[in-house]
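Chains as they are written, first to last, in this note's numbering: chain A, 30 to 175; chain B, 30 to 175. For reference, the structure discussed in these notes is given below.
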DNA sequence: TGAAAGTCTACTTGTACTATAGACTTTCTT
DNA sequence: AAGAAAGTCTATAGTACAAGTAGACTTTCA
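As structure tokens, then:
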């Protein structure tokens, strides 16, 4: 039940980008800033941010003074979206996946014990991750800092 | 967030072993019976059952008329135990694992946003899997068959 | 005694994750 | 116009682990 490094790094980067800067304006950060702060190999992070950009979650600007910023308000980006882009389906087994269903070959899927339970697991994970936005995370972190 | 084939096959086999036979006595099954019924490569299943046996979840008998049976009543074996034996920790990241904690290197673990959320995910998975016994599964399947 | 079962260890193979490399494009500043 | 600062894109290397295979060994019973 592991989250890959891609997923982990991507989430860290997105959380960092969602964290309000001192002046309250949306953060614009460069790859290097994120990779240094979060201890992520730069070239690897580059790929990850590119995927998130191509998926529409980030905007970027090239050239001097460029960098990355969130494409939408942090309230509208869920952790579930991020993980799905970087790591694929949340479901533990494909036969309970919403986004990448595949039959598992058991005689009767409707009454397969494993499937019943894994469906519950999938839902628990999905509810949590889809129900938590970047704003929720930064809010929670902020309230711990008081 | 994937369950490995080892984990999947192991769960399937344990559920099959937990399913009450017609006479109501504990099932004794041979590797071949399980592997045929569940479409699992025999030699692979062999290893899996051996792990579960060495972990104390199964008893076996060698020789003619031998086979595997659960070492405890199905009410006392949780899916969480099985998955941990075959796939390791349930936690998505090591820094929230109860059984295999490892620091992730973030500046302050107590206020790390990723850690907060992944802790929730871990708990959701663990509550579900540790709270579901083999008996719960077979019971659920049985009630669907009416 | 031999067939039927589990035991144990090693090996192979494939694949996916992680990371690195390098050449390219865009943008700003001077 | 030039050059530095940033992101873009594709390929590839390395590694680890999952999945599966092989085979020789041991125990049990008829």
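A virtual CB, placed ideally from N, CA and C, is assigned to each residue, including glycine.
Whose Cβ in chain B lies nearer than 9 angstroms to the Cβ of residue i?
i: residue 52 (chain A); result: Neighbours of residue 52 (chain A) on chain B: none; closest Cβ ~21 angstroms, over 9 angstroms.
i: residue 159 (chain A); result: Per Cβ cutoff of 9 angstroms: no residues; residue 159 (chain A) is ~12 angstroms from chain B at best.
i: residue 153 (chain A); result: 150, 153, 154, 156 and 157
i: residue 88 (chain A); result: The premise fails here: residue 88 (chain A) is roughly 21 angstroms from chain B at the closest Cβ pair, so nothing lies under 9 angstroms.
i: residue 37 (chain A); result: 121, 122, 133, 143 and 147
i: residue 173 (chain A); result: 139, 140 and 145
Using only CA atoms, which one of the options lies nearest to residue i?
i: residue 161 (chain B); options: B:146, B:110, B:97 and B:127; result: B:110
i: residue 97 (chain A); options: A:165, A:138, A:39 and A:108; result: A:39
i: residue 89 (chain A); options: A:70, A:60, A:66 and A:107; result: A:60
i: residue 32 (chain A); options: B:151, B:103 and B:57; result: B:151
i: residue 145 (chain B); options: A:170, A:155 and A:139; result: A:170
i: residue 71 (chain A); options: A:93, A:53, A:35 and A:91; result: A:35
i: residue 66 (chain A); options: B:149, B:65, B:147 and B:134; result: B:134
i: residue 173 (chain A); options: B:138, B:45 and B:58; result: B:138
i: residue 57 (chain B); options: B:91, B:141 and B:153; result: B:91
i: residue 149 (chain B); options: A:136, A:147 and A:155; result: A:155
i: residue 175 (chain B); options: A:147, A:153 and A:140; result: A:140
i: residue 30 (chain A); options: B:117, B:136 and B:53; result: B:117
Take residue i and list the residues in its own chain whose beta-carbon comes closer than 7 angstroms to its own, dropping the five residues that flank it on each side.
i: residue 80 (chain B); result: 114 and 115
i: residue 85 (chain A); result: 100
i: residue 103 (chain B); result: 47, 162, 163, 164 and 167
i: residue 143 (chain A); result: none
i: residue 78 (chain A); result: 42, 60, 87 and 97
i: residue 125 (chain A); result: 144, 147, 148 and 151
Would you give the residue range spanned by the beta strand (DSSP E) that residue i belongs to?
i: residue 89 (chain B); result: 87 to 90
i: residue 99 (chain A); result: 96 to 99
Show which residues of chain A have a CB atom less than 7 angstroms away from the CB atom of residue i.
i: residue 132 (chain B); result: Ordered by position in chain A, no residue passes the 7 angstroms Cβ test against residue 132 (chain B), which lies about 12 angstroms from the chain.
i: residue 44 (chain B); result: 142 and 143
i: residue 68 (chain B); result: 134
i: residue 115 (chain B); result: The contacting residues do not exist; residue 115 (chain B) stays about 12 angstroms from chain A at best.
Kindly list, in the order they appear in chain B, the residues whose Cβ is closer than 7 angstroms to that of residue i.
i: residue 121 (chain A); result: 30, 31 and 32
i: residue 41 (chain A); result: 143
i: residue 108 (chain A); result: 146
Cutting at 6 angstroms between CB atoms, please list the residues of its own chain near residue i, excluding the five before and the five after it.
i: residue 42 (chain B); result: 63
i: residue 75 (chain B); result: 60
i: residue 69 (chain B); result: 38
i: residue 82 (chain A); result: 89
Kindly indicate the opening and closing residues of the alpha helix (DSSP H) around residue i.
i: residue 119 (chain B); result: Neither: residue 119 (chain B) is in no alpha helix (DSSP H) and is coded neither H nor E.
i: residue 167 (chain B); result: 163 to 173
i: residue 75 (chain B); result: 71 to 83
i: residue 62 (chain B); result: 60 to 67
i: residue 44 (chain B); result: 34 to 47
i: residue 147 (chain B); result: 142 to 159
How would you list, in chain order, the residues of chain A whose beta-carbon sits under 9 angstroms from the beta-carbon of residue i?
i: residue 166 (chain B); result: 142, 143, 145 and 146
For residue i, I'd like the list of residues in its chain whose CB is within less than 8 angstroms of its CB, leaving aside the five on either flank, ordered along the chain.
i: residue 158 (chain A); result: 107, 108, 109, 112 and 119
i: residue 45 (chain A); result: 56, 58, 63, 66 and 67
i: residue 122 (chain B); result: 133, 143, 144 and 147
i: residue 94 (chain B); result: none
Taking C-beta pairs closer than 8 angstroms, name the residues in chain A that residue i reaches, listed in chain order.
i: residue 170 (chain B); result: 140, 141, 142 and 145
i: residue 79 (chain B); result: By Cβ distance, chain A contributes nothing, its closest Cβ being about 20 angstroms from residue 79 (chain B), past 8 angstroms.
| task | Give a yes or no on contact between the region 45 to 59 of chain B and the region 126 to 142 of chain B, applying the rule of three or more CB pairs nearer than 8 angstroms. | result | As far as the Cβ criterion goes, the region 45 to 59 of chain B does not touch the region 126 to 142 of chain B, which means the pair count is below three.
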